[in-house]
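Notes follow the structure.
There are 2 protein chains.
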Amino acid sequence: MLLSRFFIPILKENPKEAQIASHVLMLRAGLCQQSASGIYSWLPLGKIILDKITDICKNEMLLAGANEILMPTLQPAEIWKESGRYEDYGKEMLRIKDRNDRDLLYGPTNEELVTDIFRTHVKSYKELPLNLFHIQWKFRDELRPRFGVMRGREFLMKDAYSFDIDYESSIISYNKMFIAYMNLFKKMGLKAIPMKADTGPIGGDLSHEFIIIAETGESEVYLEKELLSFEGILDKVDYDSNLQDIVNKYTSFYAATDEKHDPKAYKKDLNNLIKSRGIEVGHIFHFGQKYSKPMQANINTNIGSNIPAYMGSYGVGLSRLVGAVIEANHDEKGIIWPKELTPWYYNLINLKNGDDDCDNICYDLYNKIKSMSKTVLYDDTMDRAGSKLAKADLIGIPFQIIIGPRGINDKIFDLKDRKNGEIQKLSYDELINFISTN
Amino acid sequence: MLLSRFFIPILKENPKEAQIASHVLMLRAGLCQQSASGIYSWLPLGKIILDKITDICKNEMLLAGANEILMPTLQPAEIWKESGRYEDYGKEMLRIKDRNDRDLLYGPTNEELVTDIFRTHVKSYKELPLNLFHIQWKFRDELRPRFGVMRGREFLMKDAYSFDIDYESSIISYNKMFIAYMNLFKKMGLKAIPMKADTGPIGGDLSHEFIIIAETGESEVYLEKELLSFEGILDKVDYDSNLQDIVNKYTSFYAATDEKHDPKAYKKDLNNLIKSRGIEVGHIFHFGQKYSKPMQANINTNIGSNIPAYMGSYGVGLSRLVGAVIEANHDEKGIIWPKELTPWYYNLINLKNGDDDCDNICYDLYNKIKSMSKTVLYDDTMDRAGSKLAKADLIGIPFQIIIGPRGINDKIFDLKDRKNGEIQKLSYDELINFISTN
Chain A
1 MLLSRFFIPI LKENPKEAQI ASHVLMLRAG LCQQSASGIY SWLPLGKIIL
51 DKITDICKNE MLLAGANEIL MPTLQPAEIW KESGRYEDYG KEMLRIKDRN
101 DRDLLYGPTN EELVTDIFRT HVKSYKELPL NLFHIQWKFR DELRPRFGVM
151 RGREFLMKDA YSFDIDYESS IISYNKMFIA YMNLFKKMGL KAIPMKADTG
201 PIGGDLSHEF IIIAETGESE VYLEKELLSF EGILDKVDYD SNLQDIVNKY
251 TSFYAATDEK HDPKAYKKDL NNLIKSRGIE VGHIFHFGQK YSKPMQANIN
301 TNIGSNIPAY MGSYGVGLSR LVGAVIEANH DEKGIIWPKE LTPWYYNLIN
351 LKNGDDDCDN ICYDLYNKIK SMSKTVLYDD TMDRAGSKLA KADLIGIPFQ
401 IIIGPRGIND KIFDLKDRKN GEIQKLSYDE LINFISTN
Chain B
439 MLLSRFFIPI LKENPKEAQI ASHVLMLRAG LCQQSASGIY SWLPLGKIIL
489 DKITDICKNE MLLAGANEIL MPTLQPAEIW KESGRYEDYG KEMLRIKDRN
539 DRDLLYGPTN EELVTDIFRT HVKSYKELPL NLFHIQWKFR DELRPRFGVM
589 RGREFLMKDA YSFDIDYESS IISYNKMFIA YMNLFKKMGL KAIPMKADTG
639 PIGGDLSHEF IIIAETGESE VYLEKELLSF EGILDKVDYD SNLQDIVNKY
689 TSFYAATDEK HDPKAYKKDL NNLIKSRGIE VGHIFHFGQK YSKPMQANIN
739 TNIGSNIPAY MGSYGVGLSR LVGAVIEANH DEKGIIWPKE LTPWYYNLIN
789 LKNGDDDCDN ICYDLYNKIK SMSKTVLYDD TMDRAGSKLA KADLIGIPFQ
839 IIIGPRGIND KIFDLKDRKN GEIQKLSYDE LINFISTN
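Protein chains in written order, with our numbering: chain A, 1 to 438; chain B, 439 to 876.
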């Protein structure tokens, strides 16, 4: 991608409205802008990251055997009255009247609507287990939207819903999602910590939150040190295998947010208990027949008929994750994208655009990198050298290849690792060799 | 994909609420279901098709040099008051009050919001031309939603917005989108006809609609025969080249919907004028400074300052296209997907699931086809043979490979072309050879 053709409006000053690092950096690096209180427009760089996060999440859901559907943003009020939840969300639910005075609402979650789809089509135990997921914008009319996309009102969520014939099967479905969550966060280059959680307005008897560790995270967390290094799963999970043991292993570790932390509940060596900070990015719920019973989502079984399905729901905050990733990966100069999510792998910087030698070597390198099937953003703009270098640090692509007249004379190319700031001085062949192997 | 793991709820009867072929077939083949009047949930098969259409459209926009952003579904009322359009949409605009009594609306289109983004960041002619597009759900509160996703209330649209420094440059941007539209519909396997159009509430001095030819289309169209076979563009367009001549060639043909058809306006040989039916799937507008002027989206130029930008907007109805594709590609038995959009290329049908010979040969073929990097849906369900064959015709995958005990005995495999219904009887080697070359 040529930077001159990529719309990335950089802010030079720290915006006043932003209080946390990710919000500051998302505004400064041109990832998003506010269009109304708690409602954001995603600019090209932000959209690419949001798409990468979404794709990783979607692919893991498909690997875990879930079917992708897409429910609308607006829902009829009737089904929420059926489930008995129409009043539960209070003022957080955005209620709407259409031109015919019918009650609609902007979905804050989709248990009711997916149960309505399920009961329309599925009647027999032979069609179970079933897991339906979708990726759609939700709305929660927060009293005080803040922290940018971390606590916006209109936000993107992946929500999955499992349907099973009995309690035991529904725990198997719950475990699949538990492991899928551990895996999808890992594939984003993030360290996720599962924690037993309250169920809130979703309801149910079993629930886990997934917390991303980030120094600047919103809440304090206490956890066993070993949990940070524990690698319970492989990249390629067999979702048809028995996952109970590995779920048990994860949940055997102590982990709690400060609200719930109870030092007395931790019986092991206190030296192993560490304090960190984190951000909630996922939440899974097992709630059995809470919605299927009042909404009569019944199935015929081989031992009887009209058994309300056993259900669970599983959410990942996709737009929130963009903020969370930045909280976990930045320094005072800007963002540092994990390799798993970076929009490009190399940032080629021409320090003297318009200089024939610099232009030629840069275009040659740009085409060479692309021909090696590597991704590259080429800063071919007329900006000053200092401004280009600051921008590269701000937008946080893992490797910068810096080309200027002096380096060309000496036949030396600067390769900068954004994460640690180290610069290697390489010959052309060494540079090409680096690119081909990284 | 194993059909036993794919959620595709088939309806045996024609649903009463559906009046047109695409609506009937989308409900029967399990592509979607209504969740409220004019508001649909997309089921897995429908979601796949919607994604394929969306991807083709998105890729062509990127090829044409547009930048992808994502604006929210809800917009603040203020910007619509600035442009003077807040009342123009009347009851079709869904107006919403949030918990703080602020006026929001569900965007029916995005001229105002994108102009607001533009004026926040772009001040200089050096940053132009700029084209920003997004793919987002819109809402128009139609008085009588009907025809399924063809005239729903919540619908998915790709809308692009061009910004230029003067009239001449903005016509170049308009032409790029004109050609991109011809190309993206072609890449979907559709024949699109450009027609001069009214501008309606969007406004402006120049506008074209893009009509897909379909026998069961919503409106009559009159056009010169040659336009149907005219191939003015290549798959790979150089969007930086001068496109005026090719746009002129397209617009030199006579084409009009019945509302606008004037036989006297057509001066050439009447034998070349044919009548057909079509469906509007795209609409592009050039409206100059209509929004930039009242909203003060001004740019500094090299000859002066504070010139309101010249703009155009460009819409493709993505969810509507799913219906339009089916109107253009179906018969009495079901859908016939164009090869460009089909979710899978082969439908492998095991007529006797549970029979060891049939199961073995089917699994072998299933894995073989996948190893050849071809896409395949394998009907491994316990349904009756007749029901499987009817379902295959209904869901419309281009080629059916039909495996039953008789064929296995004779070592003959049936390959059915869904489009013309012809069955070829092939040996195993002939079948594999067909698959490898198709």
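All C-beta atoms, glycine included, are put in the ideal place defined by N, C-alpha and C.
State the DSSP-derived secondary structure class of E68(A), mapped to helix, strand or coil.
For the purposes of this step, residue 68(A) is taken as residue 68 along the first sequence, with counting starting at 1. Strand at E68(A).
Taking K698(B) as the reference, give the member of L869(B), H559(B) and A635(B) with the closest Cα.
For this step, residue 698(B) is matched to residue 260 along the second sequence. Comparing Cα-Cα distances from K698(B) to each of L869(B), H559(B) and A635(B), the minimum goes to A635(B).
Let me confirm a value: E455(B) is counted as buried when at least 16 other C-beta atoms fall within 10 Å, else exposed. Which label applies?
Counted from its first residue, the second sequence places residue 455(B) at position 17. E455(B) is exposed by the Cβ-count criterion.
7 Å Cβ shell around G772(B) - same chain, five flanking residues per side excluded:
The residue you call residue 772(B) lines up with position 334 of the second sequence. These residues qualify, in order along the chain: L463, A467, D831, L832, I833 and G834.
Residues within the segment 487-512 of chain B neighbouring chain A, beta-carbon criterion of under 8 Å
Contacts with chain A (Cβ-Cβ distance below 8 Å) from the segment 487-512 of chain B involve L488, G503, N505, E506, I507, L508, M509, P510, T511 and L512, listed in chain order.
What residues in its chain sit with their C-beta under 7 Å from that of T115(A), if we drop five residues either side in the sequence?
Reading the first sequence from its first residue, position 115 is the one you call residue 115(A). Within the same chain, T115(A) has close Cβ partners Y291, S292, M295 and A297.
Can you check whether the C-beta of S473(B) is within less than 8 Å of a C-beta belonging to chain A?
For the purposes of this step, residue 473(B) is taken as the residue at position 35 of the second sequence. Chain A, which has a Cβ nearer than 8 Å to the Cβ of S473(B), makes this yes.
Does the beta carbon of L441(B) sit closer than 8 Å to a beta carbon anywhere in chain A?
Locating residue 441(B) in the second sequence gives position 3, counting from the first residue. False, the Cβ-Cβ gap to chain A never drops below 8 Å.
Please determine, among E422(A), I369(A), K411(A) and I423(A), the residue with the shortest C-alpha to C-alpha distance to N438(A).
Here residue 438(A) is taken as the residue at index 438 of the first sequence, counted from 1. When each option's Cα is compared against that of N438(A), the closest is I369(A).
Could you pull the start and end residues of the alpha helix (DSSP H) that L25(A) belongs to?
Counting from one through the first sequence, the residue named residue 25(A) turns up at place 25. Unbroken alpha helix (DSSP H) run through L25(A): A21 to R28.
Span of the beta strand (DSSP E), counted from its first residue to its last, around G315(A):
Counted from its first residue, the first sequence places residue 315(A) at position 315. Per DSSP, G315(A) belongs to the beta strand (DSSP E) from Y310 to G317.
State the beta-bridge partners of E592(B) as determined by DSSP.
The residue given as residue 592(B) occupies position 154 in the second sequence. E592(B) pairs with F577(B).
With a cut-off of 8 Å on the beta carbons, I'd call I171(A) and F287(A) a contact; round off their distance for me.
Sequence index remark: in the first sequence, residue 171(A) carries index 171 (1-based). Sequence index remark: in the first sequence, residue 287(A) carries index 287 (1-based). By a beta-carbon distance limit of 8 Å, I171(A) does not contact F287(A). Their separation comes to about 12 Å.
Measuring only between beta-carbons, confirm whether I799(B) sits less than 8 Å from chain A.
Within the second sequence, numbered from 1, the residue matching residue 799(B) stands at position 361. No, no contact with chain A.
Given that a residue counts as buried once 16 or more other Cβ atoms are within 10 Å of its Cβ, and exposed if not, what is S124(A)?
Counting from one through the first sequence, the residue named residue 124(A) turns up at place 124. Label assigned to S124(A): exposed.
Any idea what DSSP makes of K391(A), helix, strand or coil?
What you label residue 391(A) is simply residue 391 of the first sequence in a count that begins at 1. In this structure, K391(A) counts as helix in the three-state DSSP scheme.
From the DSSP output, in three-state form, read off K339(A) for me.
For the purposes of this step, residue 339(A) is taken as residue 339 along the first sequence, with counting starting at 1. Coil, per DSSP.
Selected residue, minimal CA-CA separation from R589(B), among H461(B), G842(B), G845(B) and S825(B)
Counting from one through the second sequence, the residue named residue 589(B) turns up at place 151. Among H461(B), G842(B), G845(B) and S825(B), the Cα nearest to that of R589(B) is on H461(B).
Would you identify the three-state DSSP class for R95(A), choosing helix, strand or coil?
If you number the first sequence from 1, residue 95(A) lands on position 95. In the three-state reduction of the DSSP assignment, R95(A) falls in the strand class.
Cα-Cα, which of F668(B), S475(B) and N538(B) is closest to L581(B)?
Your numbering for residue 581(B) matches position 143 in the second sequence. Of the residues F668(B), S475(B) and N538(B), the one whose Cα lies closest to the Cα of L581(B) is S475(B).
DSSP three-state assignment for T257(A), whether helix, strand or coil
Taking the first residue of the first sequence as 1, we reach residue 257(A) at position 257. In this structure, DSSP gives T257(A) an extended state, which the three-state scheme calls strand.
For C362(A) and C32(A), what's the separation of their Cα atoms in angstroms?
One-based indexing of the first sequence puts residue 362(A) at position 362. One-based indexing of the first sequence puts residue 32(A) at position 32. A direct Cα-Cα distance of roughly 29 Å separates C362(A) from C32(A).
Please identify the residue among E112(A), N420(A) and T120(A) whose C-alpha is closest to the C-alpha of Q289(A).
If you number the first sequence from 1, residue 289(A) lands on position 289. Of the candidates E112(A), N420(A) and T120(A), the residue whose Cα lies closest to the Cα of Q289(A) is E112(A).
For the candidate residues L243(A), E224(A), R277(A) and R153(A), whose alpha-carbon lies nearest to that of F253(A)?
By one-based count along the first sequence, residue 253(A) stands at place 253. The option with the nearest alpha carbon to F253(A) is E224(A).
Pairing CB atoms from the segment 53-66 of chain A with CB atoms from the segment 237-245 of chain A, are three or more of them under 8 Å?
Contact check between the segment 53-66 of chain A and the segment 237-245 of chain A: three or more CB pairs, one atom from each, fall below 8 Å, which counts as touching.
Could you pull out every residue in the same chain whose Cβ sits closer than 7 Å to the Cβ of S173(A), ignoring the five residues on either side in sequence?
Counted from its first residue, the first sequence places residue 173(A) at position 173. Excluding residues within five positions, the ones whose Cβ falls inside 7 Å are P129, N131, S162, D164 and G312.
Positions along the segment 117-134 of chain A whose CB lies within less than 7 Å of some CB in chain B:
Residues of the segment 117-134 of chain A whose Cβ lies closer than 7 Å to any Cβ of chain B, in chain order: I117, T120, H121, L130 and L132.
In its own chain, which residues sit with a C-beta less than 8 Å from the C-beta of S442(B), not counting the 5 before and 5 after it?
Within the second sequence, the letter at position 4 stands for residue 442(B). Excluding residues within five positions, the ones whose Cβ falls inside 8 Å are D818 and T819.
May I ask you to verify whether the segment 277-286 of chain A touches the segment 185-197 of chain A, counting CB pairs closer than 8 Å and requiring at least 3?
Enough Cβ pairs lie closer than 8 Å, so yes.
Can you round the beta-carbon distance between T654(B) and R584(B) to whole angstroms, since I take them to be within the 8 Å contact cut?
Position 216 of the second sequence, counted from the start, is the residue given in the question as residue 654(B). Position 146 of the second sequence, counted from the start, is the residue given in the question as residue 584(B). 15 Å between Cβ atoms; not a contact.
Let me make sure I understand the geometry here. Which of E778(B), S521(B), I486(B) and H559(B) has the alpha-carbon closest to that of I737(B)?
In the second sequence, counting from the first residue as 1, residue 737(B) sits at position 299. Nearest option by C-alpha distance: H559(B).
Should the segment 404-420 of chain A be called in touch with the segment 348-361 of chain A, which here means at least 3 C-beta pairs below 8 Å?
These segments touch.
At least one CB of chain A closer than 8 Å to the CB of P583(B): is that the case?
In the second sequence, the residue the question calls residue 583(B) occupies position 145. Any Cβ of chain A closer than 8 Å to the Cβ of P583(B) would place that residue at the interface, and such an atom is absent.
Can you give the Cα-Cα distance for K713(B) and Y86(A), rounded to whole angstroms?
By one-based count along the second sequence, residue 713(B) stands at place 275. By one-based count along the first sequence, residue 86(A) stands at place 86. If I take the Cα positions, the gap works out to 52 Å.
Is I603(B) close to chain A, meaning its C-beta is less than 8 Å from at least one C-beta of that chain?
The count along the second sequence starts at 1 and reaches residue 603(B) at position 165. No, I603(B) lies away from the interface with chain A (no Cβ there is under 8 Å from its Cβ).
Provide the residue span of the beta strand (DSSP E) that contains N272(A), from first to last.
As a working mapping, residue 272(A) is identified with position 272 in the first sequence. Counting along the chain, N272(A) falls outside any beta strand (DSSP E), and DSSP gives it neither H nor E.
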